[in-house]
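Residue 143 in my numbering sits at position 135 of the sequence shown, and the numbers go up by one each step.
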Amino acid sequence: MTGGRITKGVGGLYSVETERGARPCRPRGVFRNSGASPVVGDACTITEGESGRIGSIESIGERKNELVRPRVSNVDLAAAVCAADRPNFFLLDKYLIILGEQADGDRFKICVAINKTDLADEGGLNEIKTIYGDAGYPVFFLSALTGDGIENFSEYLRGKTTALAGVSGAGKSSIVNALTGRLSMEVGGLSRKTARGKHTTRHAELFALPGGGSVIDTPGFASLKFSGVSVGAFKKHFAEFARYADECRFSDCAHINEPGCAIRERTGGAISASRYGNYLRFCGEAE
Ligand code: GDP
Ligand code: ZN
Numbered sequence: 009m010t011g012g013r014i015t016k017g018v019g020g021l022y023s024v025e026t027e028r029g030a031r032p033c034r035p036r037g038v039f040r041n042s043g044a045s046p047v048v049g050d051a052c053t054i055t056e057g058e059s060g061r062i063g064s065i066e067s068i069g070e071r072k073n074e075l076v077r078p079r080v081s082n083v084d085l086a087a088a089v090c091a092a093d094r095p096n097f098f099l100l101d102k103y104l105i106i107l108g109e110q111a112d113g114d115r116f117k118i119c120v121a122i123n124k125t126d127l128a129d130e131g132g133l134n135e136i137k138t139i140y141g142d143a144g145y146p147v148f149f150l151s152a153l154t155g156d157g158i159e160n161f162s163e164y165l166r167g168k169t170t171a172l173a174g175v176s177g178a179g180k181s182s183i184v185n186a187l188t189g190r191l192s193m194e195v196g197g198l199s200r201k202t203a204r205g206k207h208t209t210r211h212a213e214l215f216a217l218p219g220g221g222s223v224i225d226t227p228g229f230a231s232l233k234f235s236g237v238s239v240g241a242f243k244k245h246f247a248e249f250a251r252y253a254d255e256c257r258f259s260d261c262a263h264i265n266e267p268g269c270a271i272r273e274r275t276g277g278a279i280s281a282s283r284y285g286n287y288l289r290f291c292g293e294a295e
């Protein structure tokens, strides 16, 4: 029996990274019957197939945590990736909440990774830094294209398993390339992207980082609807509100339309108008 980690799974065929390299495997019938399908990030034991043939996944190690969106397991960190050129704060905030709901306190950490800084001006980047710094997230500024900020980010990722989440086109695959040193391959015209074509539906895939740890490239969420999040649950994802909530007239203030709401009073000042606006939209969507 060989130990390994699931790096990819497409149509029931998995790739398992072992000490001696990647092995193609299918789960044993027991898994299929119990409905407990392996996910990217799982530790597993396998029986290797003979002479390169498909082996079988015998068992899955206990999961430290398990995410549904994106579908991965055993992560230490999820990075919400957003492009710096015309950033969509609404979608970024949505990703942060969907991740935050799943982290449920501290099952894994969440950070913000702003990519394509080569396409943004300093004013715009400073604004993002203020908004998301105030919201309590570590914020990283990157350009997968120029390599700016990649070293600093890779320092933060060292030894961790990190899932990159975010809308398609934000640059997740490019960041993976930059972090794993695939940049040179791209220059040589042998990009992974070209090799696999321009698919919009993709699958999560785990890559080892040169300095230790791993990074998981994930597809954008198919649906950006909140599932099972009640209106009252949103405010805990806005850490910057907590700083002033004591000053609201009502201790159970929802910061929506209550008189004497300190959050509303500060919106446009200490509270970002974009964050508060998105909070109201989320509450409206969940109603
Ligand atoms: P994904 O869908 O999130 O994986 O995004 P991709 O990595 O496929 O990138 C989407 C597009 O943005 C591609 O055309 C990339 O070449 C481009 N891109 C990615 N990162 C950067 C960057 O830092 N700067 C610029 N200017 N373009 C980038
Ligand atoms: Zn309030």
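We put the CB at the ideal spot given by N, CA and C, even for glycine.
In this text, all values refer to a predicted model and were calculated from it rather than measured experimentally.
{"Check": "Which listed residue (89, 85, 281 and 45) has its alpha carbon closest to that of residue 113", "Outcome": "85"}
{"Check": "Closest by C-alpha distance to residue 148, when choosing among 154, 155 and 160", "Outcome": "160"}
{"Check": "Any heavy atom of the ligand ZN within less than 6 Å of residue CB: hits in chain order", "Outcome": "256, 261, 263, 266, 269, 270 and 271"}
{"Check": "Collapsed DSSP secondary structure at residue 203 in the structure displayed", "Outcome": "Summary for residue 203: the model assigns pLDDT 46, below 50, so the residue's position carries little reliability; its value from the coordinates is reported in the next sentence. The answer is helix: DSSP assigns residue 203 an H, G or I state."}
{"Check": "Segment contact flag, the region 113-133 with the region 209-228, C-beta cutoff 8 Å, min 3 pairs", "Outcome": "no"}
{"Check": "Cutoff 6 Å; reference residue 67; Cβ partners in own chain excluding five residues on either side", "Outcome": "53"}
{"Check": "When 38, 19 and 69 are compared against residue 317, the one with the closest alpha-carbon", "Outcome": "Residue 317 is absent from the structure shown; the chain starts at 9 and stops at 295."}
{"Check": "Terminal residues of the alpha helix (DSSP H) in which residue 164 lies", "Outcome": "158-165"}
{"Check": "Cα-Cα separation, residue 59 to residue 30", "Outcome": "13 Å"}
{"Check": "DSSP three-state assignment for residue 192, whether helix, strand or coil", "Outcome": "Its pLDDT being 43, under 50, residue 192 is placed unreliably in this model, and the value from its coordinates should be taken loosely. In the structure shown, residue 192 sits in a helix (DSSP, three-state: H, G or I)."}
{"Check": "heavy atom of the ligand GDP below 7 Å from residue 127 C-beta", "Outcome": "yes"}
{"Check": "Residue span of the beta strand (DSSP E) that contains residue 123, given as start and end", "Outcome": "117-123"}
{"Check": "Cβ-heavy atom distance, residue 86 to the ligand GDP, below 7 Å", "Outcome": "no"}
{"Check": "Endpoints, alpha helix (DSSP H) assigned at residue 31", "Outcome": "From DSSP, residue 31 is part of no alpha helix (DSSP H) but of the beta strand (DSSP E) over 29-35."}
{"Check": "Proximity of residue 82 and residue 115 at Cβ, strictly below 8 Å", "Outcome": "no"}
{"Check": "Contact test: residue 178 Cβ vs the ligand GDP heavy atom, cutoff 7 Å", "Outcome": "yes"}
{"Check": "Option in 249, 261 and 269 with minimal Cα separation from residue 280", "Outcome": "249"}
{"Check": "Cα-Cα separation, residue 32 to residue 77", "Outcome": "24 Å"}
{"Check": "Proximity test, residue 23 beta-carbon vs the ligand GDP heavy atom, cut-off 7 Å", "Outcome": "no"}
{"Check": "Contact test: residue 174 Cβ vs the ligand GDP heavy atom, cutoff 7 Å", "Outcome": "yes"}
{"Check": "Residue 46 and residue 65 closer than 8 Å at C-beta", "Outcome": "yes"}
{"Check": "Which of helix, strand or coil DSSP assigns to residue 276", "Outcome": "coil"}
{"Check": "CB of residue 49 within 8 Å of CB of residue 106, strictly", "Outcome": "no"}
{"Check": "Cβ-based burial, residue 154 [other Cβ within 10 Å; buried from 16]", "Outcome": "exposed"}
{"Check": "Residue 123: CB within 7 Å of a non-hydrogen atom of the ligand GDP", "Outcome": "yes"}
{"Check": "Inter-residue CB distance, residue 3 and residue 157 (contact presumed, cutoff 8 Å)", "Outcome": "Since the first residue shown for the chain is 9 and the last is 295, residue 3 is missing from the structure and cannot be characterised."}
{"Check": "Limits of the beta strand (DSSP E) - the one that residue 320 falls within", "Outcome": "Because the chain spans 9 through 295 in this model, residue 320 falls outside it and cannot be assessed."}
{"Check": "DSSP bridge partner residues for residue 7 (one or two, in chain order)", "Outcome": "The first residue shown for the chain is 9 and the last is 295, placing residue 7 beyond what the model contains."}
{"Check": "Minimum C-alpha distance to residue 287 - residue among 51, 99, 92 and 25", "Outcome": "99"}
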